[in-house]
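Colleague: Protein chains in written order, with numbering that gives the first Met the number 0: chain A, 0 to 313; chain B, 0 to 283.
C-beta: ideal position from N, C-alpha, C; glycine also.
Since this is a predicted model, take the numbers as computed values, not measurements.
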Amino acid sequence: MVRIVAFRLVAAVITLLVASVVVYGAIYVAPGSPLSFLIGGHGATRQVIRQIEAEYHLNDSFPVAYVRWLGNGVHGNFGTSLVQHQSVSSLIEPRLTTTLFLVAYAALLIFVFGIGSGLLAALRPRRVGGAVVLVTTVAMAIPPFVWAVLLTTVFAVDLAWFPAIGNGSGFAGGLYHMTLPAVALAMVWLAYLSRITRAAVDDELGKEYVETARARGIPERYVFRKHVLRNAWIPISTVAGITVAGLIAGDAVIEVAFGLNGIGAYLVQSIEAKDFPVVQAIMMLLVGIFVVVNTLVDVGYAVADPRVRTSERR
Amino acid sequence: MIGKRAAGGRFTWRARSGSDRVYILCLVVLAIVIACTILAPLIAPYNPNQIFAGPIYQGPSVQHLFGTDGLGRDIFSRVLYGGRFTLLGATLIVGISSTAGLAVATASAWLGGRLDAAVSRALDVLFAFPGLLLAILTVSVFGPGFIAPVLALAVAYMPYMARLTRSVAIRERTKPYIDTCIVQGFSGMWICVRHLVPNLMPFVIVQATVSFGYAIIDLASLSFIGLGIQPPTADWGLMVSDGETGILAHHPEESLFSGLMIVVTVVAFVIAGERRGAVRGRYL
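Next comes the structure, spelled out in structure tokens:
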């Protein structure tokens with residue numbers, strides 16, 4: 000058991016290191032010299048060149064420069080923006096709150112409505128189940144940015160129930176502004192989780208021990224809660240974990256679509272402004288979150304399902 | 000079941016159930032979409048880049064089947080041309096990633112042992128990098144357009160294809176007919192190419208078809224956020240983004256029709272792929 004956790008942690012660290020090499024090494028792979036790439040479209044003023052040299056130490060060999068960059072990053076120093084001339088971390092922090100709010104909101108919707116509708120479909124298989132399956136199939140096929148456009152057209156423009164763009168201030172304002180983005184982001188995963196839940200619960204309900212329990216007269220509620228749900232929970236929780244990680248990829252698209260001021264949108268802006276220190280920092284942040292969540296899911300899966308532990312003896 | 004070997008060995012085309020009809024419908028839809036994309040220069044009523052082909056923000060009409068956008072360009076013509084880069088890109092992505100994945104998986108399954116274990120670990124590491132982020136990083140280095148996103152996504156999809164193919168390849172490898180070939184003295188390379196790979200092809204095709212749908216979504220998403228195909232080229236993802244100003248002005252035609260095309264194409268691919276896999280019983 001400890002072996003599995005340790006193994007996963009090592010794998011996670013290796014992945015992060017590989018990712019960091021890729022993210023850092025990108026400037027060397029880029030067309031032209033690293034210096035000209037970083038200068039990009041900013042104009043080779045004294046200040047810019049001095050800043051780049053101070054931070055990137057391009058005269059040092061790659062391994063030395065890389066280790067220094069990594070060391071700085073681990074301490075929270077991501078360098079200075081080439082556009083704003085401020086520390087990257089100070090630029091990222093406020094936007095991070097927006098992104099986290101959006102992702103949390105979307106995750107909440109996914110879990111509540113995804114699992115809820117899945118359970119409902121499994122418990123009332125005929126009409127409700129059929130309808131839910133149909134709706135989720137269609138919903139899953141519509142990519143998040145098309146959802147964003149659909150929701151904006153219907154709810155923001157035609158019905159004017161929600162604003163189309165912007166963050167909103169404060170908690171209530173944020174909730175109001177982020178509802179459409181959160182729904183757009185959540186939809187595909189919500190549908191997917193709903194299907195997985197329905198399939199898992201349906202699967203469990205058909206098993207022999209459920210029939211046995213019922214035949215023995217154990218109340219349905221008890222059977223459901225104590226046995227069916229517990230066993231169905233395993234595939235559901237795996238998908239749930241992957242979902243949160245996957246939200247990260249969709250987040251950038253939604254933020255751009257709704258004009259939200261989060262790190263996803265900032266990433267895109269920085270790419271267009273050729274502000275590479277910011278791009279590197281945000282990329283590492285996103286990949287880091289992704290890897291951490293995936294690792295937690297893997298470990299959690301091993302903890303929850305004893306079968307995984309025994310089968311690991313490969 | 001439809002198609003070959005349905006009625007006692009005879010070739011029949013009759014659909015025997017509702018889901019068969021859906022499958023055929025998907026194939027028809029895909030055929031239409033692909034045909035329209037390829038034949039766009041012949042079918043399109045207007046030049047897709049011609050501004051002020053009609054008054055701006057017109058709704059659907061006889062002259063402009065899907066209406067016009069903010070610059071007066073005919074949306075129907077743009078939609079016809081808009082699939083080109085997307086479909087071509089998805090083809091390249093799926094083609095490259097499945098070929099590379101197949102090669103890696105076959106070699107890994109055949110040679111087995113430590114190489115196989117090492118390859119598995121390497122694939123696990125690669126797996127952890129979300130495809131879209133890799134594409135975004137590549138674009139940030141090499142600039143937006145067509146080649147960079149396509150190559151990046153091909154690299155990102157490869158571990159997924161390799162992993163799926165590898166588990167199937169390992170199963171195939173243990174089958175008796177492979178052993179008979181080994182005993183007869185045929186070389187590993189020959190066995191792989193002549194026997195193993197052809198038997199893996201059905202699985203690969205199923206995976207490739209479903210991945211095609213996701214590749215389309217990823218490419219369209221990249222164009223949507225401005226890191227893929229650049230204006231003024233007509234491209235579905237880009238049109239959804241361009242159409243946003245239209246939406247706010249109560250003219251959602253550009254976004255909605257291009258979005259619709261994306262959804263329809265993706266649904267057709269995914270359903271066709273999954274259905275083919277389920278029917279043939281070769282879906283893992």
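#1: Where A/Phe280 and B/Arg83 are concerned, what is the direct C-alpha to C-alpha distance, given to the nearest angstrom?
#2: I'd like the ranges of any beta strand (DSSP E) spanning at least 3 consecutive residues and lying wholly in the segment 72–146 of chain A.
#3: Under 8 Å: do the segment 78–95 of chain B and the segment 32–46 of chain B share three or more Cβ pairs, one atom per stretch?
#4: In whole angstroms, what is the alpha-carbon distance linking A/Thr96 and A/Asp201?
#5: Does the beta-carbon of B/Ser220 have 16 or more other beta-carbons within 10 angstroms, so that it is buried, or is it exposed?
#6: Can you pull the chain A neighbours of B/Asp115, defined as C-beta to C-beta under 8 Å?
#7: What does B/Asp123 reach in chain A if we use C-beta pairs closer than 7 Å?
#8: According to DSSP, B/Asp73 sits in a beta bridge with which residue or residues?
#9: What residue range is occupied by the uninterrupted alpha helix (DSSP H) comprising B/Pro40?
#10: Compare the C-beta of A/Met283 with all C-beta atoms of chain B and state if any pair is closer than 8 Å.
#11: Around the C-beta of A/Thr211, are 16 or more other C-beta atoms found within 10 angstroms, so that it is buried, or is it exposed?
#12: Check whether the segment 150–160 of chain B touches the segment 125–134 of chain B, taking contact to mean three or more Cβ pairs, one atom from each stretch, closer than 8 Å.
#13: Sorted by chain position, which residues of the same chain lie with C-beta nearer than 6 Å to A/Val82's C-beta, five sequence neighbours on each side aside?
#14: Measure from the C-beta of B/Phe128 to each C-beta in chain A and report whether the shortest distance is under 8 Å.
#15: Give the residues of chain A in contact with B/Leu285, contact being defined as C-beta atoms less than 7 Å apart.
#16: Specify the secondary structure class of A/Val1 as computed by DSSP and reduced to three states.
#17: Quick check: is the beta carbon of A/Val87 nearer than 8 Å to any beta carbon in chain B?
#18: Does chain D have any CB closer than 8 Å to the CB of B/Pro251?
#19: Using a Cβ-Cβ distance cut-off of 8 Å, determine whether A/Phe154 contacts chain B.
#20: Please compile the residues from chain B whose C-beta is within a distance smaller than 7 Å of the C-beta of A/Thr151.
#21: Label A/His74 either buried or exposed according to how many other C-beta atoms from any shown protein chain fall within 10 Å of its C-beta, with 16 as the threshold for buried.
#22: Rounded to whole angstroms, what is the Cα-Cα separation between B/Thr137 and B/Pro148?
#23: Using a C-beta to C-beta distance shorter than 7 Å, which residues of chain B count as neighbours of A/Thr135?
#24: Taking the alpha carbon of B/Ala57 as the point to measure from, which residue in B/Thr85, B/Val28, B/Ala248 has its own alpha carbon closest?
#25: Where does A/Val227 sit, in a helix, a strand or coil, going by DSSP?
#26: Quick check on A/Arg194: buried or exposed, where buried means 16 or more other Cβ atoms within 10 Å of its Cβ?
#27: Under 8 Å Cβ to Cβ from B/Val263, same chain only, skipping five residues before and after it: list those, please.
#28: Name the two residues that bound the continuous alpha helix (DSSP H) containing B/Gly144.
#29: Check whether the segment 51–71 of chain B and the segment 182–196 of chain B touch, using three or more Cβ-Cβ pairs below 8 Å as the test.
#30: Strictly below 9 Å CB to CB, what residues from chain A border B/Ser220?
#31: Among residues of its own chain, excluding the 5 on either side of A/Phe77, which ones have a beta-carbon nearer than 6 Å to its beta-carbon?
#32: Please confirm whether A/Leu34 and A/Ile51 have their CB atoms less than 8 Å apart.
#33: With H, G and I counted as helix, E and B as strand and the rest as coil, what does DSSP make of B/Ser186?
#34: Compare the C-beta of A/Arg312 with all C-beta atoms of chain B and state if any pair is closer than 8 Å.
#35: Where does B/Asn46 sit, in a helix, a strand or coil, going by DSSP?
#36: DSSP on A/Asp201, reduced to helix/strand/coil?
Modeller: From the atom records:
#1: In the first sequence, residue 280 of chain A corresponds to position 281, counting from 1. In the second sequence, residue 83 of chain B corresponds to position 84, counting from 1. The identity of residue 280 of chain A in the sequence shown is Ala, whereas the question assumes Phe. When the Cα atoms are used, A/Ala280 and B/Arg83 turn out to be separated by approximately 35 Å.
#2: Taking 3 residues as the minimum length, the segment 72–146 of chain A contains no beta strand (DSSP E) run wholly inside it.
#3: Enough Cβ pairs lie closer than 8 Å, so yes.
#4: Position 97 of the first sequence holds residue 96 of chain A. Position 202 of the first sequence holds residue 201 of chain A. Rounded to the nearest angstrom, the gap between the Cα atoms of A/Thr96 and A/Asp201 is 39 Å.
#5: Numbered from 1 along the second sequence, position 221 holds the residue referred to as residue 220 of chain B. Buried, because 16 or more other Cβ atoms sit within 10 Å of the Cβ of B/Ser220.
#6: Counted from its first residue, the second sequence places residue 115 of chain B at position 116. Residues of chain A passing the Cβ test: none, with the nearest at roughly 11 Å.
#7: Along the second sequence, one-based indexing puts residue 123 of chain B at 124. The CB of B/Asp123 comes closer than 7 Å to the CB of Ala10 in chain A, given here in chain order.
#8: Here residue 73 of chain B refers to the residue found at position 74 of the second sequence. B/Asp73 is bridged to B/Thr67.
#9: Start at 1 with the first residue of the second sequence, and residue 40 of chain B comes out as number 41. Residues 39–42.
#10: One-based indexing of the first sequence puts residue 283 of chain A at position 284. No Cβ of chain B is located within less than 8 Å of the beta carbon of A/Met283.
#11: Numbered from 1 along the first sequence, position 212 holds the residue referred to as residue 211 of chain A. Exposed.
#12: The segment 150–160 of chain B is in contact with the segment 125–134 of chain B.
#13: Residue mapping note: residue 82 of chain A aligns to position 83 of the first sequence, counting from 1. So the list reads Ala272, Asp274, once near-sequence residues are dropped.
#14: Position 129 of the second sequence holds residue 128 of chain B. Using a CB distance cut-off of 8 Å, B/Phe128 counts as an interface residue toward chain A.
#15: Absent from the structure is residue 285 of chain B, since the part of chain B shown begins at 0 and ends at 283.
#16: As a working note, residue 1 of chain A is residue 2 in the first sequence. Three-state result, A/Val1: helix.
#17: Indexing the first sequence from 1 puts residue 87 of chain A at position 88. Not a single C-beta of chain B is nearer than 8 Å to the C-beta of A/Val87.
#18: Among the chains of the structure shown, chain D does not appear; the protein chains present are A and B.
#19: Within the first sequence, residue 154 of chain A is the residue found at index 155, counting from 1. Any Cβ of chain B closer than 8 Å to the Cβ of A/Phe154 would place that residue at the interface, and such an atom is absent.
#20: Taking the first residue of the first sequence as 1, we reach residue 151 of chain A at position 152. By Cβ distance, chain B contributes Ile246.
#21: As a first step, residue 74 of chain A is located in the first sequence; it is residue number 75 there, counting from the start. With fewer than 16 Cβ atoms within 10 Å of its Cβ, A/His74 is classed as exposed.
#22: Here residue 137 of chain B refers to the residue found at position 138 of the second sequence. Here residue 148 of chain B refers to the residue found at position 149 of the second sequence. About 7 Å.
#23: Translated into positions along the first sequence, residue 135 of chain A becomes position 136. Within chain B, no residue comes near A/Thr135; the closest Cβ sits about 13 Å away, beyond 7 Å.
#24: What you label residue 57 of chain B is simply residue 58 of the second sequence in a count that begins at 1. According to the sequence as given, residue 57 of chain B is Gln; it is not Ala. Checking every option, the nearest Cα to that of B/Gln57 belongs to B/Ala248.
#25: Your numbering for residue 227 of chain A matches position 228 in the first sequence. In the three-state scheme derived from DSSP, where H, G and I count as helix and E and B as strand, A/Val227 is classed as helix.
#26: Residue mapping note: residue 194 of chain A aligns to position 195 of the first sequence, counting from 1. By the neighbour-count criterion, in which a residue is buried when 16 or more other Cβ atoms sit within 10 angstroms of its Cβ, A/Arg194 is buried.
#27: What you label residue 263 of chain B is simply residue 264 of the second sequence in a count that begins at 1. Within the same chain, B/Val263 has close Cβ partners Val28, Val32.
#28: Taking the second sequence and counting its residues from 1, the one referred to as residue 144 of chain B is at position 145. From DSSP, B/Gly144 is part of no alpha helix (DSSP H); its letter is neither H nor E.
#29: Result no; under three Cβ-Cβ pairs closer than 8 Å.
#30: Looking up residue 220 of chain B in the second sequence gives position 221. Close to B/Ser220, with beta-carbon spacing below 9 Å, are these residues of chain A in chain order: Pro142, Pro143, Phe144, Ala248, Gly249, Ala251, Val252.
#31: For the purposes of this step, residue 77 of chain A is taken as residue 78 along the first sequence, with counting starting at 1. Around A/Phe77: Val87, Ser88, Ala280.
#32: Residue 34 of chain A sits at position 35 when you count from the first residue of the first sequence. Residue 51 of chain A sits at position 52 when you count from the first residue of the first sequence. Contact: yes.
#33: The sequence position of residue 186 of chain B within the second sequence is 187, counting from 1. Of the three classes helix, strand and coil, the one that applies to B/Ser186 here is coil, per DSSP.
#34: The residue given as residue 312 of chain A occupies position 313 in the first sequence. Note that A/Arg312 scores 44 on pLDDT, short of 50, meaning its location in the model is unreliable; the coordinates nonetheless yield the value given after this. Residue-level contact check: A/Arg312 does not touch chain B, since none of the beta carbons of chain B fall below 8 Å from its beta carbon.
#35: Taking the first residue of the second sequence as position 1, residue 46 of chain B is located at position 47. Per DSSP, reduced to three states, the secondary structure at B/Asn46 is coil, with no helix or strand assignment.
#36: In the first sequence, counting from the first residue as 1, residue 201 of chain A sits at position 202. Correct three-state label for A/Asp201: helix.
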